[in-house]
Structure formats: structure tokens, C-alpha cells
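Quick note on numbering that gives the first Met the number 0: the sequence shown kicks off at 0 and runs consecutively.
Note that beta-carbon positions come from the ideal geometry of N, C-alpha and C, so glycine has one too.
The structure presented is a predicted model; accordingly, all values stated were derived computationally and were not measured.
Okay, so here's the structure we're looking at.
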Amino acid sequence: MTTTTRSLSSDALVEIQPSEIGIVSGIPLEHLRRKVVIYSLARTTTQQGSRKVGKWKINFMSTQKWKNPLMGWTSTGDPYANVGDAGLGFDSEEAAKSFAEKHGWDYVVKKCHTPLLRVKAYADNFQWKGPPQSED
0 MTTTTRSLSS DALVEIQPSE IGIVSGIPLE HLRRKVVIYS LARTTTQQGS RKVGKWKINF
60 MSTQKWKNPL MGWTSTGDPY ANVGDAGLGF DSEEAAKSFA EKHGWDYVVK KCHTPLLRVK
120 AYADNFQWKG PPQSED
């Protein structure tokens, strides 16, 4: 049995800088320097709405919006207006940032707002809240 080895030339390998991925991906030049928003998904309104908690999304800031006069719907001429809603989801903020940096996009990170919750009990509904207020 004979083994053959191939010599690989390091000249054939091209090193791509992090912000050059957008250039070689075929994205039109006018869309390469767009600004994106990186945000954390909010909890859904269902009882067990914890599936999306901790997930991060990238959405493009769209500027070309107008209200359709016939139906009143919001229309857009931006081809990337709904891209973030469809599939640019990440497990961490750092992963979303590195993806945006690889593609050469400027980004803004929106921190999630966590409300301060106070401990409540069912008995609080029946506590004495003082005498009734008269409407004078």
C-alpha cells in the first residue's frame, strides 16, 4: 500500500480580516456600512413564557418606511427590514457582537430592562387601605 502526500501551498490561503466578510459575501456596497441594533428578547406574555429569555437578536435600522394610504399598513423599501425577525438570533450578546463586527456593521446594544418586582401576597388584596375617599 502506498501513501501519497500532497503539498499544500500557503499562498492559496487567503486570510480575511473580520470586517471583510461582508465584502466577499456579495452584499451590495450601500448595505455594508449599515447600523444594526442588538437586543435581548423580552419574555412572552404567556404563563410559561421563558423560552426566549436569554436570546439575542440583530435587527437593521430601517429608514425607508411610509404609511400605505389605501390600507394604512406600514410599507418599506428596505430589503433588510425583516431580516432580523426571521433568523439572526444568537445565544449570547458577545456572539451577536462578533457577528456584526465580522460583517463590518456598526452596532448599538440595547440593554434589557428588568423591572424591580416586590414580593406580593394574596392577603395584600384585603388589607386596610384607610377610609374611603369622598369625591368633593
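Query	Result
Spatial neighbours of Glu-134 within its chain, please: C-beta separation below 6 Å, excluding the five flanking residues on both sides.	none
Distance check for Lys-56 and Gln-132, CA to CA, integer angstroms please.	48 Å
Please look up how many angstroms separate the CB atoms of Met-60 and Val-36, rounded, as I've assumed it's under 8 Å.	6 Å
Taking Cβ positions, are Gln-63 and Thr-75 nearer each other than 8 Å?	yes
Which of the three DSSP states is assigned to Lys-109 in this structure?	strand
Only counting the same chain, and skipping five residues up and downstream in sequence, which positions put a Cβ closer than 6 Å to that of Asn-67?	Ser-74
Counting along the chain, where does the beta strand (DSSP E) carrying Lys-119 start and finish?	Counting along the chain, Lys-119 falls outside any beta strand (DSSP E), and DSSP gives it neither H nor E.
Could you tell me the boundaries of the beta strand (DSSP E) in which Lys-66 lies?	64-66
To the nearest angstrom, how far is the alpha carbon of Gly-103 from that of Glu-29?	12 Å
When DSSP labels each residue in this structure, what does Val-52 get in the three-state scheme?	coil
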